[in-house]
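In terms of the working numbering, the sequence shown opens at residue 130 and continues consecutively. Just so it is clear, CB atoms sit at the ideal spot from N, CA and C, and this is done for glycine as well. These numbers were taken from a predicted model, which means no experiment stands behind them.
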Amino acid sequence: MYCFRCECVAVQKKRRIVAKVECRSMKYDCPKVTCDDPVILPGKCCKTCPGDNASIIQDVPPPTIANEDERNIKEFGALLTARTSQILKREEMKSMYSINNPQNIVATGRFSLHKKNLYYSFYVSEKATRPRAIQFMDTTGNILEEQNLTIPSTGPFSIYQNTTGKLCGVWRRVPRDYRKFLKDDQIIVAILWGDKYQAELALAGRIEKYPALQTEILSSLLEPAPGTSLEQMAGAGGTAIVSAVGGTASSVHITLVVNGVFNPDEILDVPLNIRLETHDNKQIIIEDVQKVKKPAHAVNVIEITSPVSTSDLRMLARGKLFITVESRRNPESLRLQGQVVSRVSCEIFQTVISSHNPDSQQRTNGLAWIYLNRDGGLVYNLEVNDLNYDVNPLVALVDDNGKRRLELEDLTPTLNRVTNEASGTIDRLGPRVLEPLYAGDLFVTIVDKPDTSIARGRLVSRPIADSRDSPAPILFKKIDEFSPPNVAGMAWVAVDSACELHYDISLTGLNAYRHLELYLEEKAFEVPGATITRTFLEEFNGNYLEGFNLEIPEWLLAKLETSVCYLEVYSKEFSRPLLRAKLKNIKVPSRCFPNDSDNELPIIASTMNDVDNPSYNALDSKCYSSGRFYEEGEQWADRLRECTMCSCVNRRVKCDPIKCPPLRCKPEDVHHRKGECCPICMESKMFEEVSNAKNSPGCRQSGNNQFYLAGSSWHPYLPPSGFDTCAICTCDPVSLQISCSKVQCPQLQCSEKDAYRPDKKSCCKKCPEIRVEIYRGDKAHPDLLKDQSFTPNKTASTQEILANGGCSHAATVYENGQEWHPFISSYGEEKCVDCRCKDGIIQCSKKRCTRSVCNNRILGKNNRKDKNNVDECCSAQCHRVRNHNHNARRMRRERIRDRHQQHAKS
């Protein structure tokens, strides 16, 4: 529809900026024609006169290209403290945010802009819980983007975020105008705790450019040090951006972003003490004094550079050093401190391992991915294919920067020869590993003898988000000999909380293949002949693909956990698959599963289940169990598990253990036949005849194709709910007919209104139990009434009490003449009811209040401080009497007034 011009415009809804598409027909902008026979030229929208060459602007203008500065700016940082949250103190925001921060929680963030996506990472104080949400705002407070950070109790959980203590995510497809705001330092980020209606705590800070972020290798979150003044340090905090250079001229560059370490009267050239030291202050690596020309309330930037030794760099990389920033005039009260740890950015380093020689016939390939934990340790994971252990291969981390080739770590000792996987942590990390890692010069190599490389791969950085936040990647394997030897690949796959399927594909050795397709394959079981469902995901070119799919149906998402699923890379040029990888460890949020009710199953729509489709397979609607396929809705007894019934529901096998109904017959008539799950009621003589008969009589139910012995009873099996324990079916031993009826409930001893069901699975209602304690022992129970005429017999047994006219109720024994208040479980003690045991009969009655008692209460004559139970029980009754007396007095006054009026008239 090239004659319509559409644009995406920003619309403000309260404090949120939302997008809206506005389209307009270009024909309304066409000029009037002056001839009688105008024509519309091909590809044009306006009529023109023949031979008229007037230029008419009717095409959509080409999109503007971002300038060079915008493309180069990629790294940003932010400090979030109570002092940087001034925007949240505005009058229009006080009802939505709270900046009350008694624990002085601090956070720092790093932001990386890559292909219109803004990846964010945060370090937050360890004393804070996981935030609820993150918001991006402009300088006026309008919310540009909000993302939920809560994790459901059922997962999926992030191994990376739990291990590193970071907060990771991505704002995808950031509009160009917002990217310009980001470049101009006009974006504010806010982290929210609490609930969605009233935030318990909110921290905000401006996202700004810091040149030192380009070379950052370590970071630090600075918080008020122990022993400092809580009042003077309220809202204070900071962050450090640490860069290091090794070699003969080793040095450290630190950029500090701090606030809250100045006295109120310090306004110009304020000196600060800055130290890089061990935690116990026994060894000081760097000590410097820096002057802040004009201290700011929110953000102050300080930079220091100092030469250090190689051992100092090693301690720095291993997380053994701390940064201290303190006031020179008042160091004991105004001091910030934080441990130097791995940099804030959420990232992993990954590579595909393969032979880089196209002519090589070496088929060994694999994948590797590593990351740094909070203490600076290097966590590595490795998986390989077709590795020949006969030649004693060596797997190592190698620094190969072109000038020298240095082996850093040997990973071979942790390589499992059964699974071909290796994993571990390198704790003794130093600058010799960090520098090539961040510079992109670190390789994972596999060699079979000195200087003979089988395969290798360069570790590259990838931000953590969506698919790359899953537990582990999967390794592609070649399908057949057609695939070139050096072709290899890896993939990250995950399903987010919005039920979107995310995937990240990295391939190598596919330079000759330009037209590729990605498919998702699903089959119920890994058996020959099982049906395969193929879903097209995306077409791509090259060696890298990062994407997502919004159109995956719910039933297929559920299959990612329960079925066997593969990712397949397909070549359109050669019309055949190249690589395939089996999915594993895929966690699907529970909200993404189909919402099937017990009485209605959804109709599953799939393009693969079309009879007209040549790829249609009749087995698509069946279930596979115990070596055979079953039809949809079919029921069967499990062959592997005894006394278990299974059914095929929505192409998934659902099994439940058989539940036996209670028997209502004499104990001598209960028999259990060998091979049967439930006993039956039958006379011994008849049971012997049935057991000895060649063809045992019985009933066969058409629904589940099961045989039941004559006289047996069972609960009906109703998938997907399972066994209905509120109904019993019986096979009549004479007529061999099946009859089903509901469970007979006992007659209630209370009203239907008071009855209740103990739980959802209960078939019958019950009356509330009246529970009292047994009156035995030296101490009288507080629920018992104090009857002076009753003297308890402390030595009498239960049989003696009952023989002397005692009463028994709910496993409680009362003596003859004993009185008590009943106890109702759903209400409590009923003190306005008296129960009495008289000659084996329990009689209960409600207390009655006399007129004199009510008059005393109404007139206020009862001024005793200790209100007894009689007064409490008479409250409601006397209230009615008072209302009655008030109404009587009012009517008496009205009658007197009427008589006076009649007398006056006469």
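Inset, instruction - Measuring alpha carbon to alpha carbon, tell me which of SER870, ASP861 and SER841 ends up nearest CYS855. - result: SER870
Legend entry - Residue range of the beta strand (DSSP E) that includes VAL589: 589–592
Inset, instruction - Kindly confirm or deny that the stretch 501–509 and the stretch 269–281 touch, where touching means at least three C-beta pairs closer than 8 Å. - result: no
Inset, instruction - Could you tell me whether the stretch 661–671 touches the stretch 565–582, where touching means 3 or more Cβ pairs closer than 8 Å? - result: no
Inset, instruction - Measuring alpha carbon to alpha carbon, tell me which of THR548, ILE867, GLN361 and ALA617 ends up nearest ASN388. - result: GLN361
Legend entry - Per-residue DSSP class, three states only, for SER974: strand
Legend entry - Three-state secondary structure (DSSP) of GLU406: strand
Legend entry - Selected residue, minimal CA-CA separation from LEU332, among ALA236, SER590 and GLY180: ALA236
Inset, instruction - Might you give, ordered along the chain, the residues of its own chain that have their beta carbon closer than 6 Å to the beta carbon of PHE654, omitting 5 neighbours on each side? - result: TYR753
Inset, instruction - Consult DSSP for TYR157 and reduce its assignment to one of helix, strand or coil. - result: helix
Inset, instruction - Can you say whether LEU397 is buried or exposed, counting buried as having 16 or more other CB atoms within 10 angstroms of its CB? - result: exposed
Inset, instruction - Return the chain-ordered list of same chain residues with a C-beta closer than 6 Å to the C-beta of VAL982, the five sequence neighbours on each side being excluded. - result: CYS1003
Inset, instruction - Compute the distance between the beta-carbons of TYR249 and LYS295, then report whether it is under 8 Å. - result: no
Inset, instruction - Give, in chain order, every unbroken run of the beta strand (DSSP E) that is at least 3 residues long and sits entirely within the stretch 499–579. - result: 507–514, 523–529, 534–539, 550–555 and 571–578
Legend entry - Test item: CB-CB of VAL573 and LEU708 under 8 Å: no
Legend entry - ARG585 to ASN291 span [Cα, whole Å]: 30 Å
Inset, instruction - Would you identify the three-state DSSP class for CYS1003, choosing helix, strand or coil? - result: helix
Legend entry - Cβ neighbour criterion (16 or more within 10 Å) applied to PRO171: exposed
Legend entry - Alpha carbon of LEU562 to alpha carbon of LEU537, nearest angstrom: The sequence shown places Val at residue 562, rather than the Leu named in the question. Cα to Cα, the separation comes out at about 7 Å.
Legend entry - PHE816 in three-state terms, based on DSSP: helix
Inset, instruction - Please report how far the alpha carbon of ILE146 lies from the alpha carbon of GLU461, in whole angstroms. - result: 46 Å
Legend entry - Integer-rounded CB distance, given that LEU247 should sit under 8 Å from TRP300: 4 Å
Inset, instruction - Using only alpha-carbon positions, find the residue among LYS156, PRO602 and CYS777 that is nearest to LYS711. - result: PRO602
Legend entry - Contact under 8 Å by Cβ, LYS149 with CYS175: no
Legend entry - Range of the contiguous beta strand (DSSP E) that encloses TYR943: 941–943
Inset, instruction - Could you say if the stretch 605–615 and the stretch 540–555 meet the contact criterion of at least three C-beta pairs nearer than 8 Å? - result: no
Inset, instruction - Could you check what DSSP says for LEU450 in three-state terms: helix, strand or coil? - result: coil
Inset, instruction - Please work out which residues of its chain come closer than 7 Å, Cβ to Cβ, to ALA594, disregarding the five sequence neighbours upstream and downstream, and give them in chain order. - result: TYR248, CYS297, GLY298 and VAL299
Legend entry - Inter-residue CB distance, ILE234 and SER254 (contact presumed, cutoff 8 Å): 5 Å
Inset, instruction - Flag this pair as yes or no: are the beta carbons of GLU275 and ALA257 separated by less than 8 Å? - result: no
Inset, instruction - Within the stretch 380–433, note down every full beta strand (DSSP E) run reaching 3 residues or more, in order along the chain. - result: 380–388, 399–406 and 413–421
Legend entry - Cross-strand partners of VAL162 (DSSP beta bridge): None, per the DSSP bridge assignment.
Inset, instruction - Run the CB neighbour count on SER842, radius 10 Å, all protein chains shown included, and call it buried at 16 or more, exposed below. - result: buried
Legend entry - For GLU667, the first and last residue of its enclosing beta strand (DSSP E): 662–669
Inset, instruction - Name the one or two DSSP bridge partners that LEU442 has. - result: According to DSSP, which records beta bridges pairwise, LEU442 is partnered with nothing at all.
Inset, instruction - State the start and end residues of the unbroken beta strand (DSSP E) segment that holds TYR249. - result: 246–253
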